[in-house]
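In what follows, a single structure is set out as structure tokens and then discussed.
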Amino acid sequence: MAVPREQLEADVLIVGAGPAGLSCALHLAQLIKDHNQSGAKPELSAENIYVLEKGREIGAHQLSGAIMNPKALAELVPGFEKSAPLDTPVTDSAALFFTQNSSYRFPITPPPFQNKGNYLVSLSKIVKWLGGLVESAGVNVFKEFGGAELVYENGAVAGVITEDKGLDKNGRPKSNYTPGYELRAKVTVLAEGPRGSLTKKLVSGKKLDNINPQSYGIGLKELWEIEPGRVEPGYVAHTLGWPVEMDMYGGGWIYGLQNNRLSIGLVIALEYTDPQFDPHQAFQKWKTHPHVRQILDGGKLVRYGAKSLPYGGWYARPRNGADGALIIGDSGSFLDSQRLKGIHLAIKSGMLAAETILQALKTGDTTSKTLGGFEKRVEASYIRDELWKVRNFHQSFQHGMWQGFVHTAFQQITGGRGLIDPMRVEAGYKHYKKRAASGPAKDEGDRFKGDGKLTFDRLTDVYHSGTRHNDDQPCHLHILDPGVCATKCVEEYGNPCQYFCPAAVYEMAKESGGTLKLKINFPNCVHCKTCDIADPYQVIDWVVPEGGGGPNYEGM
Amino acid sequence: MKIIAVTEQRQGKWNNTSFEILAAAQQIAAAASGTLSAAVVGKNLDALVAELAAKNVSEVLQVEHDLLEDYTPDGFCIALKQVIESAKPDLVLFPHTYQVRDFAPKLAAMLGKGMIGDSVGYRHEGGRLIFVRQMFQGKTAADVSFAGAGPWFASFQSGAFRADQLLASDGGAKPVHKVTVELKPEQIRTKPLELFKEAKSAVDLTQAALIVSIGRGIKAPENIAQAEAVAKALGAEIAASRPICDEGWLPMERQIGSSGQTVAPKLYLALGISGAIQHVVGMKGARTIVAINKDQNAPIFEIADYGIVGDIFEIMPALTEELQKAK
């Protein structure tokens, strides 16, 4: 049924108010101001830039470690040190290797783990601050609105339809029903973060895949308040080893923040072989390592969250070849997979997109002919330098640490080329071994419960994510082939969704007859997108829920 | 500019938004040196009409018919169409009420015109009347105006204008014109039944002194009757944790927890509830918490004043029996 929708016209529509989207908006507003002051025609206005943000507030869905390389922010907001909510400069960088009971500090911290000149920040706070600058530049940021569908016109992207509001759990209109708006724009910028739901559609629809599919990891984070004196603000440690098996890729972080706050987390590549591996449990286990335990002991969990991240780098960048659209930030694979740093590249990609868009608005040509200038600007910038050096880095680790170290050694001395260039990968979910190979199914009763002080079960952690959704709305996790779950998947993989989801959304519930049925507790969702990425049959489609739903990552 | 403001009444009682749009219509008419007719539709309207005639309007249009006694979209559209065709206004204004939402777009369409609904303001700009509508839940506003010839149809949101700015007549009662409309019973396709008020939500858990609450341990909807028997014997309300309401086994208004109600009864009896923090935040204020769960490690026991490790299906019937005996 065609729903009559209100239409609104914009010059530029940016989906996602993260570092990439907001930098694009802010830089474009600055460029438009200069353009108008120079008296050049046509006259443009920052008020015709719209930004959509599905979170309740700008910054609510931002989660990162985070160590920020400030160079892009310095270009975007000169003198940012005076006004940006930076937590603390990095003062000490350590690389630790964990065995179950001991830890070893690498005598020399390897270059990728060095962070001199970088800042420890709360990405949520930085983005909230950036959002303030964007709004005062005259840009409209619509909070609590997500991009649900792309609008096409003659094959070109022509805007976005926002999500319908006020539908009940069966999809029927409630008294507050408001159909989504049709926002038409000359240029649509997808800055949705990792595994953007519109980006996914655009990339598959327009065949924009690069030579490698995107590789992803999942990062789980807890923010703690610890006993004074345990960790100095500015101390940064990265851990390798226990409890991450050597056939997997992942590691932990410990960042000392101001006011006895501590950011800890674990990142795991979503290409492990055991379909019943539980990243949340691995994170909890990691906290019981003596080195971490003695830091956390007596402290208090403040907040929890999880988010996927794109590891694929240069060879997994979706091609920016669509008419009317650009893909930036994590959606565009602008993340250094070796250093796991993407904030500065997201900002830079947003700025380069802004320069490209100004050109398009000036000439009136918003086809890939002008927008293709984005690629050239990326090629000519330090984004390319940084990503090119590590273009084969993550691929080396797709079968674990040992092979990775060997490859990396060669890449280090050949400027990134290494033994194979380009090194290919397959999508991470293809790494799962079928049940017979990965051992018997785990019993649901054995799920990790935690001690409630140092370690937590998933529901307790989810509570600390502050996530909230209106329960009476259609489930935003679409199972494209529901027949698979209780039959084939039980036998072949033992329902990995129950294990990879860090928010206890998926549950194979026993019916009274003893049969299994998939139950989706979607209000728990923290919008990490892991399910969309890691499902072995690729039948989970994450779509935007009603705007305003999702976690509250204030301070994360 | 000739304006008709269509007021709204039901059973002789005003919808007060009517006066807000009358005030708006006065202001638009004054700025455009136009005339303003206040229309009211229904039956036995004399008292209401007199009230309108005491306001600063050019005239009052009294649209009466037996078939307009009760509101029907067909009746109101057919009647108002005739009014508009004979009066030939440039602009027809409505309060944005549920009733107007129901019939006004249809009326505009019958005349081949568009309608700007739910406006919050207007302004005159370059000889054009521009309406302001909120978009994105009030985060931005759009300017909208009519293309083509009148009559134009528009409605204003409740609260957009102030009824106390409505000007009274400066010189006695204004003229009242009774408008005769042709209306036949067969033209009206809906049969209004008696008006009713939606029953208030039957339960207010926040006021309940005693609550019996069930969780996943109840296993199947057919087992809820056993918990309800306990509640009845105790004189308590029945409530549940999220999974139960999620399944639709109990209505959502009986859900306790972070996404449901927060309660603080004298007694909270938790049957088969594990005590996830999402539930606990909704009931930890209870004065006495009694928990029954077969898992002795269930977190609910950490906050319970009294705990029974056991099978609720054994305990519920026994408890019901003892409670009945004690009465």
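So the protein lines, in turn, are chains A and B. The opening residue of the first sequence carries number 28 in the numbering used here; numbering runs sequentially from there. The opening residue of the second sequence carries number 59 in the numbering used here; numbering runs sequentially from there. Here a beta-carbon is modelled for each residue, glycine too, at the ideal position from N, C-alpha and C.
1. List, in order along the chain, the chain A residues whose C-beta lies closer than 8 Å to that of B/F134?
2. Pairing CB atoms from the segment 170-179 of chain B with CB atoms from the segment 133-152 of chain A, are three or more of them under 8 Å?
3. Confirm, please, whether the CB-CB distance from B/V158 to B/V234 is below 8 Å.
4. Tell me which same chain residues have a C-beta within less than 8 Å of the C-beta of A/M28, skipping the five on either side of it?
5. Provide the residue(s) that pair with A/Q321 in DSSP beta bridges, ordered along the chain.
6. Can you name, in chain order, every residue of its own chain whose Cβ lies under 7 Å from the Cβ of A/K327, other than the five neighbours on each side?
7. I'd like to know whether the C-beta of B/K113 is nearer than 8 Å to at least one C-beta of chain D.
8. What residues in the segment 172-185 of chain A bring their beta carbon closer than 7 Å to a beta carbon of chain B?
9. Going along the chain, which residues of the segment 524-546 of chain A sit with their C-beta nearer than 7 Å to a C-beta in chain B?
10. Taking contact to mean at least 3 C-beta pairs separated by less than 8 Å, is the segment 28-48 of chain A in contact with the segment 209-224 of chain A?
11. Please return the same chain residues whose Cβ sits closer than 8 Å to the Cβ of B/D228, not counting the five positions on each side in sequence.
12. Using only CA atoms, which one of A/G427, A/E453, A/F420 lies nearest to A/G445?
13. Out of curiosity, what's the CA-to-CA distance linking A/W341 and A/K170?
14. Using beta-carbon positions only, say whether A/V166 and A/A52 come within less than 8 Å of one another.
15. For chain B, is any of its Cβ atoms less than 8 Å away from the one on A/P550?
16. With a threshold of 8 Å between beta carbons, is A/Y208 in contact with chain B?
17. So is A/G442 buried or exposed if we call it buried at 16+ other beta carbons inside 10 Å?
18. With DSSP run on the structure shown, which of helix, strand or coil describes B/A328?
19. Quick check: the Cα distance between B/E66 and B/N73, rounded to an integer number of angstroms?
20. Out of A/S423, A/Y526, A/Q500, which has the shortest C-alpha to C-alpha gap to B/D304?
21. For A/K227, count the other beta carbons within 10 Å of its own beta carbon; 16 or more makes it buried, fewer makes it exposed. Which is it?
22. Could you give the C-beta distance for A/N347 and A/E402, rounded to a whole number, given that I count them as a contact under 8 Å?
23. A/F169 touches chain B at which residues, Cβ-Cβ below 8 Å?
24. For B/K101, collect the residues of the same chain with a Cβ closer than 8 Å to its Cβ; drop the 5 residues on either side in sequence, then sort them by chain order.
25. Cβ of A/R495 less than 8 Å from any chain B Cβ?
26. Would you mind giving the Cβ-Cβ distance between A/V168 and A/V30, rounded to the nearest angstrom? I have them listed as a contact below 8 Å.
27. Under 8 Å between C-beta atoms, does A/M28 make it to chain B?
28. Please state the DSSP three-state secondary structure of A/F424.
29. Going along chain A, which residues have a C-beta under 9 Å from B/S317?
30. Short check: CB of A/G427 to CB of A/M275, under 8 Å?
31. Do you know whose CA, among A/A463, A/K334, A/Q422, A/E453, lies nearest A/I447's CA?
32. Looking at the C-beta of B/M310, does it have a partner C-beta in chain A at a distance below 8 Å?
33. Decide if the segment 378-385 of chain A is in contact with the segment 58-66 of chain A; the criterion is three or more beta carbon pairs, one per stretch, under 8 Å apart.
34. Measure the beta-carbon distance from B/L381 to B/K324 and round it to whole angstroms, keeping in mind my assumption that it falls under 8 Å.
35. How would you list, in chain order, the residues of chain B whose beta-carbon sits under 7 Å from the beta-carbon of A/E33?
36. For B/Q336, which residues in chain A fall below 7 Å Cβ to Cβ?
This is what the structure gives:
1. The sequence position of residue 134 of chain B within the second sequence is 76, counting from 1. Ordered by position in chain A, no residue passes the 8 Å Cβ test against B/F134, which lies about 22 Å from the chain.
2. no
3. Position 176 of the second sequence, counting from 1, holds the residue named residue 234 of chain B. Position 100 of the second sequence, counting from 1, holds the residue named residue 158 of chain B. No; because the gap between Cβ atoms is not below 8 Å, this pair is not in contact.
4. Against the first sequence, residue 28 of chain A aligns to sequence position 1. Low local confidence applies: a pLDDT of 45 at A/M28 is under 50, so the model's placement there is unreliable, and no value is given.
5. Here the question's residue 321 of chain A lines up with position 294 in the first sequence. Answer by DSSP bridge pairing: none, since A/Q321 is not bridged.
6. Within the first sequence, numbered from 1, the residue matching residue 327 of chain A stands at position 300. Setting aside the 5 residues that flank it on each side, A/K327 is surrounded in the same chain by W251, E252, each with a C-beta closer than 7 Å to its C-beta; the list follows chain order.
7. No chain D appears in this structure, whose protein chains are A and B.
8. F172
9. Listed in chain order, the positions of the segment 524-546 of chain A with a beta carbon within less than 7 Å of a beta carbon of chain B are S539.
10. For the pair of segments examined, the segment 28-48 of chain A was found to touch the segment 209-224 of chain A: the number of CB pairs separated by less than 8 Å reaches three.
11. Start at 1 with the first residue of the second sequence, and residue 228 of chain B comes out as number 170. Closer than 8 Å at the Cβ level, and outside the excluded window around B/D228, lie N114.
12. For the purposes of this step, residue 445 of chain A is taken as the residue at position 418 of the first sequence. The option with the nearest alpha carbon to A/G445 is A/F420.
13. Start at 1 with the first residue of the first sequence, and residue 341 of chain A comes out as number 314. Start at 1 with the first residue of the first sequence, and residue 170 of chain A comes out as number 143. The straight-line gap from Cα to Cα measures roughly 31 Å.
14. Here residue 166 of chain A is taken as the residue at index 139 of the first sequence, counted from 1. Here residue 52 of chain A is taken as the residue at index 25 of the first sequence, counted from 1. Their beta carbons are under 8 Å apart, which means A/V166 touches A/A52 by this criterion.
15. For the purposes of this step, residue 550 of chain A is taken as residue 523 along the first sequence, with counting starting at 1. A/P550 counts as touching chain B.
16. Within the first sequence, numbered from 1, the residue matching residue 208 of chain A stands at position 181. Yes, because at least one Cβ of chain B sits closer than 8 Å to the Cβ of A/Y208.
17. Against the first sequence, residue 442 of chain A aligns to sequence position 415. It counts as exposed.
18. What you label residue 328 of chain B is simply residue 270 of the second sequence in a count that begins at 1. Here B/A328 sits in strand by DSSP.
19. Counted from its first residue, the second sequence places residue 66 of chain B at position 8. Counted from its first residue, the second sequence places residue 73 of chain B at position 15. Approximately 6 Å between the Cα atoms of the pair.
20. Within the second sequence, residue 304 of chain B is the residue found at index 246, counting from 1. Selected option, being the one with the closest Cα: A/Q500.
21. As a working mapping, residue 227 of chain A is identified with position 200 in the first sequence. With 16 or more other Cβ atoms inside 10 Å of its own Cβ, A/K227 counts as buried.
22. Counted from its first residue, the first sequence places residue 347 of chain A at position 320. Counted from its first residue, the first sequence places residue 402 of chain A at position 375. A/N347 to A/E402, Cβ: 6 Å. Contact.
23. Mapped onto the first sequence, residue 169 of chain A falls at position 142. Going along chain B in sequence order, the residues near A/F169 (Cβ under 8 Å) are F194, K197, T198.
24. As a first step, residue 101 of chain B is located in the second sequence; it is residue number 43 there, counting from the start. Answer for B/K101: E122, H123, D124, L126, E127, listed in chain order.
25. Counting from 1 along the first sequence, the entry for residue 495 of chain A is found at position 468. Judged by the 8 Å Cβ criterion, A/R495 is in contact with chain B.
26. For the purposes of this step, residue 168 of chain A is taken as the residue at position 141 of the first sequence. For the purposes of this step, residue 30 of chain A is taken as the residue at position 3 of the first sequence. Distance from A/V168 to A/V30 at the Cβ level is roughly 25 Å; contact not present, criterion being Cβ atoms closer than 8 Å.
27. Here residue 28 of chain A corresponds to residue number 1 of the first sequence, with the count starting at 1. Only weak support is given to the placement of A/M28: the predicted model assigns it a pLDDT of 45, under 50, and the question is left unresolved by the model.
28. To locate residue 424 of chain A, count along the first sequence from 1; it is residue 397. Reduced to three states, the DSSP call for A/F424 is coil.
29. By one-based count along the second sequence, residue 317 of chain B stands at place 259. Within 9 Å Cβ-Cβ: R495, H496, N497, D498, P550.
30. Counting from 1 along the first sequence, the entry for residue 427 of chain A is found at position 400. Counting from 1 along the first sequence, the entry for residue 275 of chain A is found at position 248. It is a contact, given that the beta carbons lie within the stated cut-off.
31. Here residue 447 of chain A corresponds to residue number 420 of the first sequence, with the count starting at 1. Checking every option, the nearest Cα to that of A/I447 belongs to A/Q422.
32. Translated into positions along the second sequence, residue 310 of chain B becomes position 252. For B/M310, the answer is yes, since a Cβ of chain A falls inside 8 Å of its Cβ.
33. yes
34. Against the second sequence, residue 381 of chain B aligns to sequence position 323. Against the second sequence, residue 324 of chain B aligns to sequence position 266. Rounded to whole angstroms, the Cβ separation of B/L381 and B/K324 is 15 Å, and the two are not in contact under 8 Å.
35. For the purposes of this step, residue 33 of chain A is taken as the residue at position 6 of the first sequence. Within chain B, the residues near A/E33 are M193.
36. By 1-based counting over the second sequence, the position of residue 336 of chain B is 278. Neighbours of B/Q336 on chain A, chain order: L486, Y490.
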